[in-house]
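Using the working numbering, the first residue of the sequence shown is number 186, and each one after it goes up by one. Here a beta-carbon is modelled for each residue, glycine too, at the ideal position from N, C-alpha and C. No experiment lies behind these values; they were computed from the predicted model shown.
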Amino acid sequence: MAFSIEEYVRFLASKGIVLQEKDRAFIEFGQHYTGMSEQMVTVAIELTLKIQREFDGSYYIALLETFKNQWIASKQAAYAYLAQVEKELIQQ
Numbered sequence: 186m187a188f189s190i191e192e193y194v195r196f197l198a199s200k201g202i203v204l205q206e207k208d209r210a211f212i213e214f215g216q217h218y219t220g221m222s223e224q225m226v227t228v229a230i231e232l233t234l235k236i237q238r239e240f241d242g243s244y245y246i247a248l249l250e251t252f253k254n255q256w257i258a259s260k261q262a263a264y265a266y267l268a269q270v271e272k273e274l275i276q277q
């Protein structure tokens, strides 16, 4: 089941990850700036937190822009894309 953005923020808070008001404003800005769905916004939040270990607004926006530019529209596709990028970076 996919979370709405607000549900996902509440879920994170229940796990001890409390986003600041400025982070929440940045999340909303990123969604409007890129026009991405709530599903992909929550994926971008999840990946930002997993990779950066904190909410990093610049990284979050970069992920959303990448999803948009690469026509990534599912969590599975996002994880596959990032795994491929990581593989390519390791091979360099």
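Taking Ile236 and Ile212 to be in contact with their CB atoms under 8 Å, please state how far apart those CB atoms are, rounded to whole angstroms. Not a contact, Cβ separation roughly 16 Å.
Work out the CA separation of Val228 and Ile202 for me, nearest whole Å. 15 Å
Would you kindly work out how many angstroms separate the C-alpha atoms of Ser243 and Gly215, rounded to a whole number? Per the coordinates, the alpha-carbon of Ser243 lies some 10 Å from the alpha-carbon of Gly215.
Applying the 10 Å Cβ sphere with the 16-neighbour rule, what's the burial state of Leu249? buried
Can you name the start and end residues of the alpha helix (DSSP H) that Lys272 belongs to? 260–276
Do Ile230 and Tyr245 count as a contact pair if the criterion is CB distance below 8 Å? Contact: yes.
So is Ala187 buried or exposed if we call it buried at 16+ other beta carbons inside 10 Å? exposed
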